[in-house]
Amino acid sequence: MSTDSPEENPKPNNSEFELQSPEVAPYWLSALVQSADDAIISKTLEGIITSWNAGATRIFGYTADEAIGKSVMMLIPADHADEEPGILGKIRAGHRVEHYETIRVRKDGSLVEISLTVSPIRDATDKVIGASKIARDIGERKRNEKILREQAEIIETVNVIGLTLAAELDLQKLVQAVTDAATDICGARFGSFFYNVLNEHGESYMLYGLSGAPREMFSHFPMPRNTDLFGVTFAGEGTVLLADVREDPRYGKNSPYYGMPAGHLPVVSYLAVPVVSRSGEVYGGLFFGHPEENMFTERGARIIEGLAAQSAIAMDNARLYEAAKKATAQAEQAVLRAEQSSRIKEEFLATISHELRTPLNAILGWTRMLRAGKMGTADADKALETIERNARAQSKLIDDLLDVSRIITGKLRMDVRPTDPTSFTDAAIEAIQPAAIAKGISIRKIIDTGAVSVPGDPVRLQQVVWNLLSNAVKFTPRGGRVEVRVERINSHIEILVKDSGHGISSDFLPHVFDRFRQADQTSTRQHGGMGLGLAIVRHLVELHGGTVSALSEGENRGSTFIVRLPVSPVYHADDSQDRVHPTAEELLVSSDCVDRLDGINILVVDDELDTRELLKAGLQDCGAKVEIASSANEALEQVNGRIFNVLISDIGMPTHDGYDLIRRLRGLPDEDARRIPAIALTAYARAEDRMKALRSGYQMHVPKPVELNELVTVILSLVGRQSK
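Residue numbers are given in numbering that gives the first Met the number 0: position 521 of the sequence shown equals residue 520, and the series is strictly consecutive.
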């Protein structure tokens with residue numbers, strides 16, 4: 000190769016070269032040449048080798064010391080000696096020789112197939128002074144090409160036969176067709192297919208196909224056994240190709256025949272190919288024989304292997320065809336199950352419609368009577384009590400539906416902390432007590448846990464116990480009993496709720512925690528509800544790492560529900576701390592203001608007149624000064640030039656919704672208006688709704704319905720935060 004310095008040669012137009020300084024480039028190029036897999040050689044115009052890289056040593060066997068200074072003719076076989084003068088002639092003329100495939104000889108005398116690219120080497124005056132040669136070993140590529148050609152021929156032959164196999168679903172006909180075709184392809188005198196039908200010893204096989212001889216010839220011979228010779232095929236261990244089976248060490252080693260049985264067809268040349276399914280199951284083997292030696296070739300064996308693979312696929316299809324009949328019956332069963340599931344969902348939707356409309360009927364009916372103004376004080380109080388009770392019932396139904404939705408979508412949020420089981424159990428009992436007293440049902444409580452806690456959300460755990468108690472009270476007749484037992488069992492807390500109610504039938508007991516399932520879903524059922532309570536219990540308990548089970552000896556024999564929750568490290572409860580769980584009285588709606596809003600100016604925005612008036616009346620009772628607006632535009636007009644301490648806005652409003660309102664408010668030029676603390680009071684109560692409201696510019700998101708005291712607390716929190 001040329002050793003001219005980089006300053007004397009034009010600088011290569013290559014970014015990698017440009018990054019190198021003139022002093023570094025020669026070393027970089029040298030390392031590149033030495034690390035190449037190809038042979039990179041330079042020579043004079045007389046064919047004398049002037050450079051030799053490691054790749055040349057790997058391909059030709061000569062070291063650099065052995066090659067440099069020698070004629071390149073030492074690499075050229077005698078029958079290719081005329082190639083070098085022609086190549087040098089082209090180089091002298093300034094031409095390049097590209098991808099010239101030829102034969103060269105190694106140091107050990109072996110031949111190697113190579114591809115040559117030869118380029119002229121020029122000096123600073125552009126005169127050709129030598130040649131650089133890149134030689135690549137293409138021997139393996141040539142071998143692979145030959146193998147691929149052979150494989151293509153095999154595949155083509157097998158595919159032609161495969162067309163017949165693909166159309167055949169009868170297993171007996173299929174196996175016979177394979178045996179006949181394979182016998183003809185490999186030139187056997189006779190062929191056979193033995194199907195694996197193993198006995199308890201794994202040594203029995205069944206003749207399924209025979210070609211080249213009448214079947215009766217094998218009728219008095221025993222089936223092949225797991226002998227040294229046959230066993231490898233029946234085990235799927237590969238093809239056996241023998242020029243003379245009698246010379247194989249595995250032949251004649253097994254009793255009682257020690258060779259061919261008397262009267263057997265003469266076998267000298269022997270070929271056996273296993274038939275293996277795509278799943279790896281060995282279906283059997285194709286066996287071929289010929290009375291003369293060396294009749295089967297490697298090529299023939301490869302073709303039979305391809306045919307065996309095709310026949311395995313065809314046998315798979317035949318099996319699938321047989322299995323299709325069974326699958327059809329199973330599909331019919333699946334359709335029946337789907338229809339049952341659809342019916343259950345339709346019944347559930349009908350139940351939802353009924354349960355949601357029932358309290359609405361009472362609410363609307365009593366509201367109309369109150370509006371008529373013909374009721375006395377006592378009747379009006381009764382009407383309001385009925386409206387409130389039904390509103391609470393409907394709110395509970397909606398909460399259950401939302402809980403199920405959050406559980407299904409994985410969006411149920413929990414505030415997990417060490418929790419005293421006594422605390423949330425007492426709170427649930429206290430909350431259900433009024434309903435139990437109204438039915439004359441006694442609730443007996445037994446708590447024996449000691450100082451222990453469970454990791455969980457106290458509100459959700461209270462919901463679990465309340466749902467179980469509510470279910471017990473609902474299905475227990477007047478004068479019945481409900482027992483609540485909480486005790487520690489090893490590393491778990493066990494909460495047992497047992498009632499003397501209607502019980503659960505054995506047919507329905509496995510489905511008692513399923514969604515959309517109720518024991519009685521008819522229009523004449525005695526008990527209301529949507530049947531979601533126990534499904535919610537199961538999901539909440541599982542989210543806490545626990546289990547819940549149901550027991551019943553049958554209808555009218557009561558029910559028992561057992562919740563098991565893992566115990567967290569022991570802690571000592573501090574009775575001086577505030578109660579985490581509200582009492583029954585605290586759970587009730589209160590119209591009295593616990594806190595005051597004196598001196599606070601509030602703007603309420605809602606397109607519903609009833610909601611505006613209700614909020615205005617309630618907040619004014621707590622001392623606030625309240626202005627109302629029915630739309631986003633009206634609210635922005637009122638904000639202009641006036642000072643409000645808090646904005647309370649609905650989200651779902653026509654033309655411009657609450658999101659649009661807060662964005663426009665935050666973009667006003669008036670700094671005081673831009674900074675008004677804002678509360679989104681909305682029926683859009685999902686977690687994503689809360690995030691959207693906060694991202695839009697609201698400081699708080701409060702779902703409807705809301706208790707007045709809760710709203711007052713939120714307002715005071717915002718005003719206090721703003722004042723800081």
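Glycine included, each C-beta is placed from N, C-alpha and C at the ideal position.
Exposure label - residue i; buried when at least 16 CB within 10 Å
{"i": "Y269", "result": "buried"}
{"i": "L335", "result": "exposed"}
{"i": "P775", "result": "Past the boundaries of the shown model lies residue 775; the chain is included only from 0 to 723, so the question cannot be answered."}
{"i": "E636", "result": "exposed"}
{"i": "S210", "result": "buried"}
{"i": "L147", "result": "exposed"}
{"i": "L717", "result": "buried"}
{"i": "N632", "result": "exposed"}
{"i": "I794", "result": "The requested residue 794 does not occur in the structure, where the chain is confined to residues 0 to 723."}
{"i": "Q33", "result": "exposed"}
{"i": "V540", "result": "buried"}
{"i": "I128", "result": "exposed"}
{"i": "D498", "result": "buried"}
{"i": "N555", "result": "exposed"}
{"i": "E167", "result": "buried"}
{"i": "A322", "result": "exposed"}
{"i": "P676", "result": "buried"}
{"i": "T62", "result": "exposed"}
{"i": "A80", "result": "exposed"}
Nearest to residue i (by Cα), restricted to the options the options
{"i": "I714", "options": "F643, Y683, T654 and R694", "result": "F643"}
{"i": "D744", "options": "L319, E291 and K438", "result": "The question about residue 744 has no answer, for the chain in this structure spans 0 to 723."}
{"i": "A307", "options": "L680, V334, L335 and G237", "result": "G237"}
{"i": "V266", "options": "V274, F295, S340 and G283", "result": "F295"}
{"i": "L482", "options": "F512, A330, I431 and S630", "result": "Sequence check: residue 482 is Glu here, not Leu. It is I431 whose Cα lies nearest to the Cα of E482."}
{"i": "R91", "options": "D419, I120 and T559", "result": "I120"}
{"i": "L680", "options": "E607, I488 and D597", "result": "E607"}
{"i": "V536", "options": "M314, I494, N293 and R673", "result": "I494"}
{"i": "L613", "options": "D498, R412, R595 and K703", "result": "K703"}
{"i": "A181", "options": "D402, S340, G375 and I160", "result": "I160"}
{"i": "Y99", "options": "P454, K89, A426 and D107", "result": "K89"}
{"i": "D724", "options": "S109, I113 and G93", "result": "A question about residue 724 goes unanswered here, because the residues of the chain that appear run from 0 up to 723."}
Under the three-state DSSP convention, the category residue i falls into
{"i": "L75", "result": "For clarity, residue 75 is Ile in the given sequence; the question names Leu instead. Here I75 sits in coil by DSSP."}
{"i": "P457", "result": "helix"}
{"i": "K624", "result": "strand"}
{"i": "E292", "result": "coil"}
{"i": "Y99", "result": "strand"}
{"i": "K106", "result": "coil"}
{"i": "R480", "result": "strand"}
{"i": "R578", "result": "Caution is warranted here: a pLDDT of 34 is assigned to R578, below 50, making its placement in the model unreliable, and no coordinate value can be reported."}
{"i": "I428", "result": "helix"}
{"i": "F423", "result": "helix"}
{"i": "K473", "result": "helix"}
{"i": "E552", "result": "coil"}
{"i": "Y250", "result": "coil"}
{"i": "A80", "result": "coil"}
{"i": "E585", "result": "Unreliable placement is indicated for E585, whose pLDDT of 33 sits below 50; no coordinate value is reported for it."}
{"i": "G305", "result": "helix"}
{"i": "T546", "result": "strand"}
{"i": "I146", "result": "helix"}
{"i": "A271", "result": "strand"}
Cβ shell of residue i (< 7 Å), same chain only, five flanking positions each side left out
{"i": "L710", "result": "V701"}
{"i": "G46", "result": "S70, V71, M72, E83 and L87"}
{"i": "K615", "result": "V603, V625 and I627"}
Identified DSSP bridge partners for residue i
{"i": "S131", "result": "S41 and S118"}
{"i": "A679", "result": "S648 and H700"}
{"i": "I488", "result": "H491"}
{"i": "E112", "result": "I102"}
{"i": "D447", "result": "E486"}
{"i": "S505", "result": "Answer by DSSP bridge pairing: none, since S505 is not bridged."}
{"i": "P417", "result": "P454"}
{"i": "F287", "result": "G190 and L270"}
Spatial neighbours of residue i in its chain, beta-carbon cut-off 6 Å, leaving aside the 5 residues before and after
{"i": "R578", "result": "The pLDDT assigned to R578 is 34, lower than 50, so where the model puts this residue is not dependable; a value taken from the coordinates is nonetheless given after this. Taken in chain order, the list of residues that qualify is empty."}
{"i": "D414", "result": "D456"}
{"i": "D519", "result": "Since pLDDT at D519 reaches only 47, below the 50 mark, its modelled position is unreliable, and no value is offered."}
{"i": "A271", "result": "T232, V239, G284 and F286"}
{"i": "R524", "result": "Low per-residue confidence applies at R524: pLDDT is 39, beneath 50, and the placement is therefore not dependable, though the value from the model is reported in the following sentence. No residues qualify anywhere along the chain."}
{"i": "A686", "result": "K410"}
Own chain residues within Cβ distance below 8 Å of residue i, not counting five before or after
{"i": "D315", "result": "S276 and R277"}
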